[in-house]
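Here's the structure, in structure tokens; my notes come after.
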DNA sequence: CTGTTAGCGCATTCAG
DNA sequence: CTGAATGCGCTAACAG
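Protein chains in written order, with full-length UniProt numbering: chain A, 1 to 367; chain B, 1 to 367.
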């Protein structure tokens with residue numbers, strides 16, 4: 001059978017050059033049939049070798065492997081999943097708020113670290129708090145037959161995903177609870193974390209503590225506000241709505257709001273910021289006002305270099321790595337067939353004192 | 001051949017419940033045949049509607065669309081690409097050094113912003129400077145028939161990708177030039193940027209300028225070192241190899257190296273750091289030594305909050321957004337059929353003075 | 001305008 | 001241990 005293709009170039013056993021042997025036409029990928037032809041076996045034998053199935057003699061196995069190397073054959077996973085029972089594609093989709101935000105990118109890395117060792121590839125996309133984008137992208141991932149989806153929801157209603165769930169797609173929501181859809185969620189302890197952060201400020205003696213948050217229509221923002229309210233209530237402190245600012249959707253807005261807040265008569269002596277971009281904007285404002293050592297700040301969600309600022313920013317740190325790892329683990333568990341009732345998993349926060357949150361109440365310095 | 005996927009939008013106005021009409025068996029997705037059966041037309045007519053092909057009466061079109069909504073049908077892109085001429089999957093792969101690094105994640109976001117509007121989804125993965133991982137992941141993406149690959153190479157030889165290129169996969173290398181493979185590259189002006197940064201320090205009067213870099217086997221690190229050498233040479237300054245530290249592969253290592261460097265007799269008066277994690281480690285070291293206002297620092301590659309440190313860190317900023325956008329544009333151009341000779345595109349750096357780089361040479365303060 | 005036939009690359013079922 | 005036939009979901013090339 002060796003003489004089938006006498007034009008075989010002198011591939012001496014010692015030249016691992018490989019792959020340049022039998023050139024296929026440009027733009028066409030070698031298929032199992034090509035491999036079978038080169039190895040002089042049937043297509044099915046190639047399939048067995050490729051999938052590590054038993055029942056192939058070592059001689060034929062070797063011939064097939066050589067042919068695969070020579071042609072640089074790659075099995076077409078799309079075609080495979082079309083025929084295979086279960087139709088798994090070994091891909092999952094990850095929908096984040098914005099991959100360029102450190103919270104999201106750390107989480108992404110954690111998901112990747114669970115997926116890749118299992119041979120699963122990850123589609124990633126950013127939602128930018130846009131509900132329509134959430135629908136379009138889940139649809140696009142679904143069209144590619146992702147086995148599972150990890151979603152940080154931008155919309156407040158995931159019922160449109162019911163048909164995906166019914167079709168067998170595993171879904172895990174992160175950061176925000178799934179709404180109107182019975183799937184697993186992995187969440188941060190927003191209320192408790194926020195409460196602990198505000199309580200920390202109260203313990204330093206503050207009584208006028210401002211709340212600065214991002215979009216108030218987001219569940220997490222509401223929960224963090226709830227924690228703020230609870231901490232004040234437990235300490236018997238009144239809520240001054242003049243000290244509550246929401247919808248600070250950018251660093252610049254947060255910065256401007258903080259300046260305005262601190263320049264009014266009888267300003268707060270401490271600020272609780274409910275999101276990392278808000279925290280950074282506020283840090284900028286304090287720096288400009290040269291009051292970073294006179295006004296206390298505790299921020300929700302850690303960020304790189306928070307410890308290197310002067311003073312360091314005290315934060316209620318989330319654990320995006322833990323969230324991503326847990327979400328991915330739960331997802332693969334579901335893909336693996338676990339069909340117990342959906343669960344909400346919770347990842348605790350941690351208060352990290354760094355200086356800014358340990359500043360006591362200072363005299364009013366407004367001009 | 002665009003990657004456009006003219007999918008129909010679901011959910012009739014008025015019935016947000018949706019899709020519960022004709023229940024299919026659990027775990028099975030509706031196919032075009034199911035849609036055809038419900039609509040009472042042939043499979044091909046459904047195909048026409050789904051792909052927006054002309055030649056369908058409005059009556060039938062409507063019936064088909066209703067059936068699609070009722071069943072919540074999603075075309076199977078894998079199956080489609082199997083049959084379609086060109087076999088495009090409307091997916092691309094993005095291989096980065098580490099998605100949790102701000103340089104990578106910003107670049108990722110830029111790629112996404114070019115891909116998503118075209119209906120193309122993005123696989124992402126981190127390489128961690130591991131050449132074998134590079135090979136395994138390109139292989140995995142290839143098995144999923146990605147139309148194109150954007151790679152920040154971890155290995156120094158991409159010739160193993162030749163068969164992919166021959167098979168029609170578009171490839172663009174970023175950050176580091178492709179080696180032994182004729183494909184497009186999108187690079188930063190490492191030598192010139194680095195040279196400008198060091199020259200900036202020389203202009204402040206420094207004559208003893210240290211170089212701190214990460215893994216020296218990486219091309220970009222070598223180029224940045226080359227820029228350092230050129231700047232010194234042009235100023236007629238000698239190279240003191242005692243001031244050249246490489247292979248600082250972590251923040252901690254960089255920090256320790258900087259401390260050691262600055263505590264030796266006759267320490268450098270200025271530091272040029274060739275990578276962002278090195279820069280941050282060095283900033284930490286200076287903070288600990290309380291010498292952040294006495295030792296000048298210019299870092300290669302910007303990072304978030306560099307401006308908020310005290311003093312702000314002067315950097316030679318790369319433009320990851322421009323790199324990502326350009327790489328994606330070139331990639332889609334290739335996927336679109338452009339087969340002109342491979343080109344190396346270059347994205348310039350920009351020196352951003354923020355304080356740390358404008359410190360003049362100070363007296364030796366070692367104990 | 002609509003439908004039929006064939007086959008993409010592969011795994012499954014069943015026969016040797 | 002090996003292989004031939006069948007069809008996954010879909011589109012291309014052709015009929016009507």
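Ideal placement from N, C-alpha and C gives every residue a C-beta, glycine not left out.
DSSP assignment within the region 188-251 of chain B yields the following whole beta strand (DSSP E) runs of 3 residues or more, N-terminal first: 209-212. Runs of the alpha helix (DSSP H) lying entirely within the UniProt domain "HTH lacI-type" (30-84) of chain A, each at least 4 residues long, are 32-39, 43-50, 58-71 and 77-83 in chain order.
Beta-bridge annotation (DSSP): residue 271 (chain B) is paired with B:210 and B:297.
By the beta-carbon neighbour count (other beta carbons within 10 angstroms, threshold 16), residue 301 (chain A) is buried.
Sequence-ordered contacts of the UniProt domain "HTH lacI-type" (30-84) of chain A with chain B read 72, 74, 75, 76, 77, 78, 79, 81 and 82 [C-beta pairs closer than 7 angstroms]. By the criterion of at least three beta-carbon pairs nearer than 8 angstroms, the region 193-201 of chain B is not in contact with the region 254-265 of chain B. If you compare the alpha carbons of B:55, B:58 and B:72 with that of residue 32 (chain B), the shortest gap goes to B:72.
Of the candidates B:223, B:148 and B:138, the residue whose Cα lies closest to the Cα of residue 335 (chain B) is B:148. For the region 266-287 of chain B, the beta-carbon criterion of a distance under 8 angstroms to any beta-carbon of chain A is satisfied by 280, 283, 284 and 287. Distance from residue 269 (chain A) to residue 362 (chain A) at the Cβ level is roughly 6 angstroms; contact confirmed, criterion being Cβ atoms closer than 8 angstroms. For residue 301 (chain A), there are no C-beta contacts with chain B under 9 angstroms, since the nearest C-beta of that chain is about 14 angstroms from it. Ranked by how close their Cα comes to the Cα of residue 93 (chain A), the residues A:102, A:57 and A:137 have A:137 in first place. Residue 332 (chain A) has a beta carbon lying at 7 angstroms or more from every beta carbon in chain B. Taken atom to atom, the span from the alpha-carbon of residue 233 (chain A) to that of residue 205 (chain A) is near 15 angstroms. For residue 303 (chain A), no beta strand (DSSP E) segment is defined, and its DSSP state is neither H nor E.
Note on residue 108 (chain A): 16 or more other CB atoms within 10 angstroms of its CB, so buried under the neighbour-count rule. With fewer than 16 other Cβ atoms from the protein chains shown falling within 10 Å of its own Cβ, residue 84 (chain B) counts as exposed. For residue 283 (chain B), the enclosing alpha helix (DSSP H) begins and ends at 276-289. With respect to the C-alpha of residue 264 (chain B), the residue from B:210, B:214, B:178 and B:235 having the closest C-alpha is B:210.
Burial check for residue 28 (chain A): the Cβ neighbour count within 10 Å stays below 16, so the residue is exposed. Against chain B, the beta carbon of residue 156 (chain A) has no neighbour under 8 angstroms; the closest one sits roughly 13 angstroms away.
For residue 328 (chain A) against residue 111 (chain A), the beta-carbon gap comes to about 5 angstroms, under 8 angstroms, which counts as contact. The contact set of residue 105 (chain A) on chain B, defined by CB atoms closer than 7 angstroms, consists of 99, 100 and 105 in chain order. Around residue 117 (chain A), no beta-carbon contact reaches into chain B at under 7 angstroms, the shortest distance being about 11 angstroms.
Of the candidates A:40, A:311 and A:75, the residue whose Cα lies closest to the Cα of residue 59 (chain A) is A:40. Interface residue (Cβ-Cβ distance to chain B less than 7 angstroms): residue 161 (chain A) is not classified as such.
Ranking A:54, A:50, A:68 and A:61 by CA distance to the CA of residue 34 (chain A) puts A:68 first.
Flagged as an interface residue toward chain A: residue 145 (chain B), by a C-beta distance shorter than 7 angstroms.
Under the three-state reduction of DSSP, residue 176 (chain A) is assigned to coil, being neither helix nor strand. Nothing from the region 246-257 of chain A brings a Cβ to less than 8 angstroms from some Cβ of chain B. For residue 149 (chain B), there is no enclosing alpha helix (DSSP H); the enclosing beta strand (DSSP E) covers residues 148-151.
The three-state secondary structure of residue 144 (chain A), taken from DSSP, is coil. Residue 171 (chain A) has A:149 as its beta-bridge partners, per DSSP. Take the alpha-carbon of residue 214 (chain A) and the one of residue 245 (chain A): they are about 8 angstroms apart. Using a C-beta cut-off of 8 angstroms, the region 156-176 of chain A makes no contact with the region 278-295 of chain A, since fewer than three inter-stretch Cβ pairs fall below that distance. Per DSSP, the unbroken beta strand (DSSP E) holding residue 125 (chain B) starts and ends at 121-126.
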